[in-house]
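Numbering (full-length UniProt numbering), first residue to last: 1 to 287.
A virtual CB, placed ideally from N, CA and C, is assigned to each residue, including glycine.
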């Protein structure tokens, strides 16, 4: 009998896992409140793991404020690395498989080929570095883990690019969006489904995997897609990264190769624009 616990359950991916698990009638996934399951509190983790004795632990907790992390290094490292270490130690004690969520930001982004799991990691931001440190620390502590790198995550939950564009598209007559950063949007509902598929597979194919939706786009084209599908009347102009400087550097090209996760688990991955249409339909539906 599976018994799964989710950390960071109130975040975007945590909410998507809750929705998909509910739709599938899955009752063995437990979504833990942060005051009960703070990944920086080893005393609380002791209690949680002893209570649930989980077969899987999914870590959705992360410090994701990319620009703020450049100045908030200690907290970013505490959450993204130390928190992962704390979970890995508990997983080792209880023979629990850890599902760690990571990011395309562990890559430098200077190569115009989809990144595989074996490609060298060269983060160019504190956020990317601390997420990589979390990945590496887990691999040193346990063998039974799945690290899933994803990119450009959005959904009907939380704060994300899609919801921000919909808001700005109504408030403004025109927007300037970066066109020289290329990657793949990921509907967090799709990622949640893939995670639950991996857990249900019964396979022990541990290691690092890449998951995003299919296809390649820029932030400019992503924004255009949002406005075209939603029928939002706003002018959108492409700009270069140099015209919109940020505190942290972003990978210019962060498309990830998903061949490994598809071949190993038989997961079918939707095209990014098809998933965007689904998300926008949910956001437009009466609450």
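- With respect to the C-alpha of residue 108, the residue from 123, 151, 237 and 265 having the closest C-alpha is 123.
- Judged by their CB atoms, residue 232 and residue 169 are nearer to each other than the 8 Å cut-off.
- By the C-beta density criterion, residue 194 is buried, having at least 16 other C-beta atoms within 10 angstroms.
- Taking residue 95 as the centre and dropping the five residues before and after it, the same chain places the C-beta of 144 closer than 8 Å to its C-beta, in chain order.
- With respect to residue 249, residue 125 sits close: the two C-beta atoms are nearer than 8 Å.
- With 16 or more other Cβ atoms inside 10 Å of its own Cβ, residue 151 counts as buried.
- In the DSSP annotation of this structure, the continuous segment of the beta strand (DSSP E) that includes residue 97 starts and ends at 97 to 103.
- Under the DSSP assignment, residue 207 falls in the beta strand (DSSP E) whose first and last residues are 207 to 210.
- With contacts defined by Cβ atoms closer than 8 Å, residue 128 and residue 100 do not form a contacting pair.
- Listed as beta-bridge partners of residue 59 by DSSP are 7 and 100.
- Collapsing the DSSP output to three states places residue 20 in a helix.
- Its chain contains 6, 8 and 60 as the residues whose beta carbon lies nearer than 6 Å to that of residue 14, once the 5 sequence neighbours on both sides are disregarded; these appear in chain order.
- With fewer than 16 other Cβ atoms inside 10 Å of its own Cβ, residue 216 counts as exposed.
- Under the three-state reduction of DSSP, residue 214 is assigned to strand.
- Counting along the chain, the unbroken alpha helix (DSSP H) around residue 220 starts and ends at 219 to 230.
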